[in-house]
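Data first, discussion second: the structure below is written as structure tokens.
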Amino acid sequence: MNKNDTVITTIEDIGVSGEGIGRVDGYTLFIKDAVIGDKVEVKLMKAKKNYGYARLMKVIEPSPFRVEPECRYARACGGCQIQEMSYQKQLEFKAGKVRGNLLRIGGFSEEELQEVMCPIIGMENPFRYRNKAQFPVGTDKDGKLVTGFYAGRTHDIIANTDCALGVPVNKTVLCTVLDWMEKNRIPAYDEQTGKGLVRHVLIRYGFTTGEVMVCLIINGEKLPAVEKLTEALGRIDGMKSITTSTNKKKTNVILGDSYEVIWGQGYITDYIGDIQYRISPLSFYQVNPVQTRHLYGRALEYAGLTGQETVWDLYCGIGTISQFLAQKAKQVYGVEIVPQAIEDARENARINAIDNAEFFVGKAEEVLPEYYAEYEREHPGEKARADVIVVDPPRKGCDETLLKTMTQMKPERIVYVSCDSATLARDLKILCKNGYRLQAVTPVDMFPMTVHCETVCILSRVK
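According to full-length UniProt numbering, the stretch in the sequence shown is residues 1 to 463, in order.
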């Protein structure tokens, strides 16, 4: 096939970035805005040897799973890749993706997966679930200040202050910030020139407390007319924290390395179950609190704690899972590379009166092997052990050195929480070749309307 060819195809699947996947005589086409079951006419825009990228020209026969999107910007915006597909079909697609990766990458058989796969946990209301959002600020072609989200695969801002996945207070905050910028002639940051001041507006919201945080990411040290901004934002119900974070680098990284409080306090609080968490602008905290309760509840169930266990929580963030585990474990050790997150984890343990959780700063793949080696030096003839190890790594999965050390410590159970089922499948294959058996897998839809899916699974040691 050649560029500018026009063809008709039926969408069979969804790609990792949300594009519909169709095939013509064995040639694979990736087509944005098409959903599974659509029969479409497309124009080939970029042709590779075995695959190409095509533009949707016309939906000839709409899929039975195609729905009217909740948000009128859904097609242009890069945030919701599959909002035009029914939610039930989204859940089916995500569960199938997890299963497919375990088959193809993990090497598990259909019979094995029949025994271990649990139904995906979806949401009753798959909108307005995000407790955090980061909105870029810029100007449109007419020079008007705008904020919203980037269009797919670009840094062009789709002007929208009322995202369907975000909480309603976001609109009030964004309109207040834009109004302050206009009245005080505060320039938005320009990625091309590196000039301008306000880059992003970060908003966090406590679902159980109603507390609101606003952090302005700025290309400078100070904000002009700061009193006018804090006075306006401070009138919003629930406002507890207004901060700035300086980022002068030409980078896609949003936040700077630190933040400064300009009004109120440097954190908001929220609860998951009975555990209270203090969340700063730099804290990692799951963005969907409803599904987080399901995810961590299932992780705690899989850990099978009786009160006698020593547990390692690797990639612990601000200790979100650690605090859950500590309620039912003898001792919990948390490891996280971000120093600020460990400070938050220790503070969260303090305010919850949890005295059986200890936290270490460092890479999990370094801290655990060092602990393992040091323990053997100090206790000749003994092996360092953990009863349960919980891992919640970033998208790239676990380092192979870490997986090796985990199996050497011979925990009875390993609970693996994953945001990428492909790297999960790769790591499970390694663990199952080194003395562990996969017992249960549960997909959890943490991010409705997107292609992303969390998974939690339990492995037990083969005696």
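Where a beta carbon is used, it is the ideal one built from N, C-alpha and C, also for glycine.
Do Ile318 and Ser283 have their CB atoms nearer than 8 Å?
-> Contact: yes.
For Asn434, which residues of its own chain have a beta-carbon under 6 Å away from its beta-carbon, when the five flanking residues on both sides are left out?
-> Thr407
Thinking Gly334 and Asp313 are a contact (beta carbons under 8 Å), I'd like their distance in whole angstroms, please.
-> 5 Å
Any idea if Val16 is buried or exposed, counting beta-carbon neighbours within 10 angstroms, 16 or more meaning buried?
-> exposed
Close-in-space but distant-in-sequence residues of the same chain around Gly79 (CB under 6 Å, 5 per side omitted) = Only residues of its own chain outside the window of five on either side were considered, and among them Phe149 have a CB closer than 6 Å to the CB of Gly79, listed in chain order.
Of the choices Lys89, Ala373 and Ser421, whose alpha-carbon is the least far from that of Pro394?
-> Ser421
Which partner residues of Pro443 appear in the DSSP bridge assignment?
-> Its beta-bridge partners are Thr455.
Determine, using beta-carbon pairs with one atom in the segment 34-43 and one in the segment 57-67, whether at least three such pairs fall under 8 Å.
-> yes
Under 8 Å between C-beta atoms of Tyr436 and Asp427 = no
Determine the direct distance from the alpha carbon of Arg72 to that of Ser280, and round the result to whole angstroms.
-> 32 Å
Own chain residues within Cβ distance below 7 Å of Lys330, not counting five before or after = Gly307, Gln308, Glu309, Thr310 and Asn356
Whole angstroms is fine: what's the gap from Met1's alpha carbon to Ala159's?
-> Looking at the backbone, the Cα of Met1 and that of Ala159 are separated by about 36 Å.
Report the three-state DSSP secondary structure of Gly96 (helix, strand or coil).
-> helix
Terminal residues of the continuous alpha helix (DSSP H) containing Glu365?
-> Ala364 to Glu378
Determine the direct distance from the alpha carbon of Leu233 to that of Glu211, and round the result to whole angstroms.
-> 13 Å
Cβ-based neighbour list, Ala364, same chain, cut-off 7 Å, excluding 5 preceding and 5 following | Leu314, Tyr315, Val335 and Leu402
Own chain partners of Ala225 with C-beta closer than 6 Å, once the 5 adjacent residues on each side are dropped | Asn184
How would you call Asp392, buried or exposed, if buried means at least 16 neighbouring beta carbons within 10 angstroms?
-> buried
Just the C-alpha distance for Leu223 and Leu197, rounded to the nearest angstrom, thanks.
-> Rounded to the nearest angstrom, the two C-alpha atoms are 8 Å apart.
According to DSSP, what are the bridge partners of Ala47?
-> Gly52
Beta-carbon contacts of Ala384 that lie in its chain and below 7 Å, excluding the five residues immediately before and after | Tyr371, Tyr372, Tyr375, Glu376 and Met409
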